[in-house]
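Note that the sequence shown covers residues -18 to 186 in the working numbering.
Using N, Cα and C, we set each Cβ at its ideal position, and we do this for glycine too.
Heads up, the thing below is written out as structure tokens.
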Amino acid sequence: MANLDQVFSEGAAPALDPIVVFGEWFAAAEQSEPNDPNTMCLATVGADGMPSARMVLLKDYGPEGFTFYTNTASAKGGELSQNAKASLCFYWKSLRRQVRIQGAVTPVSAAEADAYFASRPRGSQLSAWASDQSKPLASRAALEQEVAEVEARYGDGAVPRPPHWSGYRVAAEQIEFWLSQRSRRHDRMLFTRTAGGWQTQRLYP
Ligand SMILES: Cc1cc2nc3c(=O)[nH]c(=O)nc-3n(C[C@H](O)[C@H](O)[C@H](O)COP(=O)(O)O)c2cc1C
């Protein structure tokens, strides 16, 4: 539990594991943020080279990466199938801290997606079937109608995971921690993955 203060102390950063530091910052955000500390901006780039950013929820993280769930047939799913790289950005306003992550993206296993889907509230499970995410929708009523049809289809039974709904994991190649400081002389520490571990570099704000 030493990393929280050590990440910006000269000489200490090279010995730190940024995933552990992230865990400590995230734990602090869970204490301080009034809503959704696991909200992160996900940026993807499709074949046309145009970046696209939107918020998603972090559902798991560890040395192997940072996981979110979505409709794989959505705009972001299409972009990731064309260019399996992404950038994530967290901002914890009450802590005045930012974390940026970038790396290669891989799908989670079917078993992992099944387990997470099964843990979701039933209403969210039904919505995952009903929503043709990112496609044109005629009206609010049309969506509610589709939810009612899915509800009728499954009755009181278990709702299986839709084939178009799963998770992606971003394997961090770079992680940058940013901490607000007075007069915009902020702290920034960039961790870059190397063959032997993590290399660190302090950056001008
Ligand atoms: C706070 C917040 C959390 C969100 N979490 C998710 C999420 O975990 N998964 C998801 O597919 N969309 C989530 N969304 C909706 C996305 O921002 C986005 O509208 C949707 O995924 C469609 O994006 P796309 O058309 O670029 O694929 C969230 C939106 C907000 C504002």
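- Between ligand 1 and the CB of phenylalanine 158, the shortest heavy atom gap is not smaller than 7 angstroms.
- In this structure, arginine 166 has its CB at a distance of at least 7 angstroms from all heavy atoms of ligand 1.
- In the structure shown, the three-state DSSP call for phenylalanine 71 is strand.
- Given a length threshold of 3 residues, each whole run of the beta strand (DSSP E) inside the stretch 78 to 143 is given here in chain order: 78 to 88.
- Placement of the Cβ of leucine 184 at a distance of 7 angstroms or more from every heavy atom of ligand 1 is found.
- Excluding its 5 nearest sequence neighbours in each direction, arginine 183 has C-beta neighbours in its own chain below 6 angstroms: Met170, listed in chain order.
- Pairwise C-beta distances place the stretch 151 to 161 in contact with the stretch 73 to 90, as three or more of them are shorter than 8 angstroms.
- Set against 7 angstroms, the gap from the CB of leucine 124 to the closest heavy atom of ligand 1 is not smaller.
- Scanning Glu60, Asp113, Lys40, Arg163 for the CA closest to the CA of methionine 31 turns up Glu60.
- Taking a 10 Å sphere around the C-beta of leucine -3, we find 16 or more other C-beta atoms and assign the residue as buried.
- Remark: the shortest separation between the CB of arginine 150 and any heavy atom of ligand 1 does not fall under 7 angstroms.
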